[in-house]
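Counted the way mature numbering (1 follows the signal peptide of the UniProt record, and there is no 0) counts, the sequence shown spans residues -21 to -1, 1 to 221.
To start, the structure itself, in structure tokens.
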Amino acid sequence: MKRLLPLAVVAALSHIAPSHALFDDEEARRAITNLRTDITPRIERLEASSRGQLELANQNELLRTEVSKLQGQLEVLLHEIESLKQRQRDFYVDLDNRVRKLESAPVAAAPEAPAADPAAESRDYEAALNLLKEGKYKEAQTAFDQFIKHYPRSPVQPGAHFWAGNAALQAKDVAVANNYFKSVLTNWPNDPVAPDAMLGVANCQQALGEAKAAQETLKKLVERFPDSSAGKAAKQRLARKP
């Protein structure tokens, strides 16, 4: 199949004198060279434009990938925030229930010590709880510590230790918080607050940089208290770890 000369080449060749029976090779080469000189910059501009469009498409794809990752991270964070809110609501419900039980429960007198004043005991415990609710963590920690010392035989000693641990943890006194939580597990391992205390130990271990120990504590929590809210939260946290 014969290759047709571009129109520009034909036009350039048409300027050669018609008296020539054959096209002069030198004139034809000059015309082709001129044509290439004119076309080459256009081709380069087109190629540069194509490269720019390709780079833009690649950048758009990278942005879409990054947005997808951020959306996934946002969903995880929203889930964790909702879980924390639910646990906080559960804590406050537990606080109110324990206060009501304390107010209605008789306090047995210790043989070697005078009987404690139930009304004063209830007021002191509720005052410490209110400080915790108000976000006054240092003051709440001190109030719970005083309650623990003043009412050693109180039926809410497990709760007092647990909430003292929470107040200390919120006040960034992690080592002290860990001791409070461990005290609950040592002295009242079957108390309703024990699962939350074990979760508190895991939180302290994580804050202290003891990630492996925290993982082991979460596993024990799931094994011992699988149906508790703390056990379910521990199971979710373990599922998110590789």
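Cβ atoms here follow ideal geometry from the backbone N, Cα and C, with glycine treated the same way.
- From the listed residues C183, Y159, Q184, the smallest Cα separation to V172 is found for Y159.
- In this structure, Y130 lies near E100, with their beta-carbon atoms less than 8 angstroms apart.
- Listed in chain order, the alpha helix (DSSP H) elements of length 4 or more contained wholly in the stretch 118 to 156 are 136 to 149.
- If you check the CB distance, H140 and V163 come in under 8 angstroms.
- Spanning the alpha carbons of K211 and P205 requires a straight line of approximately 6 angstroms.
- Per DSSP, reduced to three states, the secondary structure at L187 is coil, with no helix or strand assignment.
- Annotated three-state conformation of V46 is helix, per DSSP.
- In the three-state DSSP reduction, F204 falls in the coil class, being neither helix nor strand.
- With respect to the 8 angstroms criterion, A107 and A119 are classified as neighbours on the basis of their beta carbons.
- Counted as a single uninterrupted DSSP element, the stretch harbouring K115 is not any alpha helix (DSSP H), since DSSP gives it neither H nor E.
- Excluding the 5 residues flanking it on each side, S207 has same chain C-beta neighbours closer than 7 angstroms at P174, in chain order.
- Per DSSP, reduced to three states, the secondary structure at V172 is coil, with no helix or strand assignment.
- With contacts defined as CB atoms closer than 8 angstroms, A213 and L187 fail to qualify as a contacting pair.
- D4 sits in a helix when the DSSP states are folded into three classes.
- Sequence-distant Cβ neighbours of A147 in its own chain, meaning closer than 7 angstroms and more than five residues away, are Q120, V155, A156, Y159.
- With contacts defined as CB atoms closer than 8 angstroms, T196 and Q184 qualify as a contacting pair.
- Taking 8 angstroms as the cut-off, the Cβ atoms of K161 and V180 count as close.
- Judged by their CB atoms, A150 and D124 are not nearer to each other than the 8 angstroms cut-off.
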